[in-house]
Each structure stands twice: as structure tokens, then as C-alpha cells.
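J.:
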Amino acid sequence: MRATEALARLTPLAQATEIRYEADLAVLRRITRNESQLRDSLSELEDQAAAGFLRAVGSETGSLGFASSQERAWRDWLSMKRGELQRSLALCLAEKSEQTEVLRLSMGRRDVAAQMVKRARAEARQDRLAKQMAALQEMSLLHHRKRPRS
């Protein structure tokens, strides 16, 4: 296969692998944003829990021994919400790990395709230069043959 033919066949492949890489990267960015939001929500929930505890301790009628039903409901809700956020975060981290592997593979494919295109371009350039050199040599020979010797 000639270098120009190889280049013509490899260029669309390199473009496709680049598009795939960008798509995989976009998915990983979405997952990372989701992870960040979940971590922020979890941190916010912990801050609310700490503020509620400090409010209960600081109140005049507050007793750590006996919590009101409202306080128990609040703690139950906090516990349930914390568990929900932690489960979501664990799923998100698992998805991120899988997507990181997918991205690693697509990056490798993209890099290999780019190297193949680069090599094919260099070979095509060498072929062009060799053809030009051969044409110049042929012209030079023809020019010297036509010139009368004195």
C-alpha cells in the first residue's frame, strides 16, 4: 500500500479515535461533577448535623439524656440521608473507576492512531520528495542529452 493511500485510510481512523476520546472524557467530567456535588452535599449534611447537636447542647432545656421525638426524627432523617448520599457516592466512585479505565484505553487508541498518521505523513512526504528528485534527475538528463556538444 502506498503512503498516500495509507494516510487516506488512517486519517478518518485518527479522527474517530479523537472523537471517541473526547466523548469518554466528557463522560468522566460529568461523573466527576456528580462526585463533587455528592461530596458537597455530604459535607453540608455533616455541618447541619453538627449545628443541630450544638443547638441541642446549648439550649437551656436541652438534655443529652432524653431527646424529644422531633430530635429523634431529625437524627433518623440525618442518618437516612447520610446513608443515601454515601451509597450514591460509592456508586459514583465505582462508575468513575470504570470510566477512567475506558478513558485510558481510548486515549491509548487515540495516541496510536495519531502516531500512525504521523508516520504515514512522513512516508508520503518522503515518497513525494523521491518522485520530485527522480523527475528533476530525468529532466537534467534530458536537458544534457539535447544540448549540442561543442
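In our numbering, the protein residues as written are 3 to 152. Just so you know, even glycine gets a beta-carbon here, dropped at the ideal spot from N, CA and C. None of the values given here were measured: they were computed from a predicted structure.
Alpha carbon to alpha carbon, how far is residue 136 from residue 129? Give it in angstroms, no decimals.
T.: Position 127 of the sequence shown holds residue 129. Position 134 of the sequence shown holds residue 136. Using only the alpha carbons, I get a separation of about 10 angstroms.
J.: When you compare the CB positions of residue 118 and residue 12, do they come within less than 7 angstroms of one another, or not?
T.: As a position in the sequence shown, residue 118 is number 116, starting the count at 1. As a position in the sequence shown, residue 12 is number 10, starting the count at 1. Yes. Within cutoff.
J.: Cα separation between residue 85 and residue 9?
T.: Locating residue 85 in the sequence shown gives position 83, where the first residue counts as 1. Locating residue 9 in the sequence shown gives position 7, where the first residue counts as 1. Approximately 55 angstroms between the Cα atoms of the pair.
J.: With burial defined as no fewer than 16 other Cβ atoms inside 10 Å of the residue's Cβ, what is the status of residue 112: buried or exposed?
T.: In the sequence shown, counting from the first residue as 1, residue 112 sits at position 110. By the neighbour-count rule (16 or more Cβ atoms within 10 Å), residue 112 is buried.
J.: Report buried or exposed for residue 92, applying the criterion of at least 16 other Cβ atoms within 10 angstroms of its Cβ.
T.: Counting from one through the sequence shown, the residue named residue 92 turns up at place 90. Burial call: exposed.
J.: Tell me where the alpha helix (DSSP H) around residue 4 begins and ends.
T.: Along the sequence shown, read from residue 1 onward, the residue named residue 4 stands at position 2. Looking at the DSSP string, residue 4 is not in any alpha helix (DSSP H), and its letter there is neither H nor E.
J.: Please report how far the alpha carbon of residue 36 lies from the alpha carbon of residue 47, in whole angstroms.
T.: Counted from its first residue, the sequence shown places residue 36 at position 34. Counted from its first residue, the sequence shown places residue 47 at position 45. About 16 angstroms.
J.: Use the C-beta contact count for residue 108: other C-beta atoms within 10 angstroms, 16 or more gives buried, fewer gives exposed.
T.: On the sequence shown, position 106 is the one that residue 108 refers to. Buried, because 16 or more other Cβ atoms sit within 10 Å of the Cβ of residue 108.
J.: Does DSSP put residue 70 in a helix, a strand or coil?
T.: In the sequence shown, residue 70 corresponds to position 68, counting from 1. Reduced to three states, the DSSP call for residue 70 is coil.
J.: Quick check: the Cα distance between residue 19 and residue 127, rounded to an integer number of angstroms?
T.: Position 17 of the sequence shown, counted from the start, is the residue given in the question as residue 19. Position 125 of the sequence shown, counted from the start, is the residue given in the question as residue 127. Distance between the alpha carbons of residue 19 and residue 127 is about 24 angstroms.
J.: Between 34, 99, 52, 88, which has its C-alpha nearest residue 77's C-alpha?
T.: Numbered from its first residue, the sequence shown carries residue 77 at position 75. The candidate whose alpha carbon is nearest that of residue 77 is 52.
J.: Can you give the Cα-Cα distance for residue 42 and residue 50, rounded to whole angstroms?
T.: For the purposes of this step, residue 42 is taken as the residue at position 40 of the sequence shown. For the purposes of this step, residue 50 is taken as the residue at position 48 of the sequence shown. In a straight line, the C-alpha of residue 42 is about 12 angstroms away from that of residue 50.
J.: Which term fits residue 95, buried or exposed, when burial requires 16 or more other beta carbons within 10 angstroms of its beta carbon?
T.: As a working mapping, residue 95 is identified with position 93 in the sequence shown. The residue in question, residue 95, is exposed, as its Cβ has fewer than 16 Cβ neighbours within 10 Å.
J.: Between the beta-carbon of residue 40 and the beta-carbon of residue 87, is there less than 7 angstroms?
T.: Walking along the sequence shown from the start, residue 40 turns up at place 38. Walking along the sequence shown from the start, residue 87 turns up at place 85. Result yes, Cβ atoms of residue 40 and residue 87 sit closer than 7 angstroms.
J.: Assuming residue 116 and residue 16 form a contact by the criterion Cβ under 8 angstroms, report the distance between their Cβ atoms to the nearest whole angstrom.
T.: Walking along the sequence shown from the start, residue 116 turns up at place 114. Walking along the sequence shown from the start, residue 16 turns up at place 14. With a Cβ gap of about 6 angstroms, residue 116 and residue 16 count as contacting.
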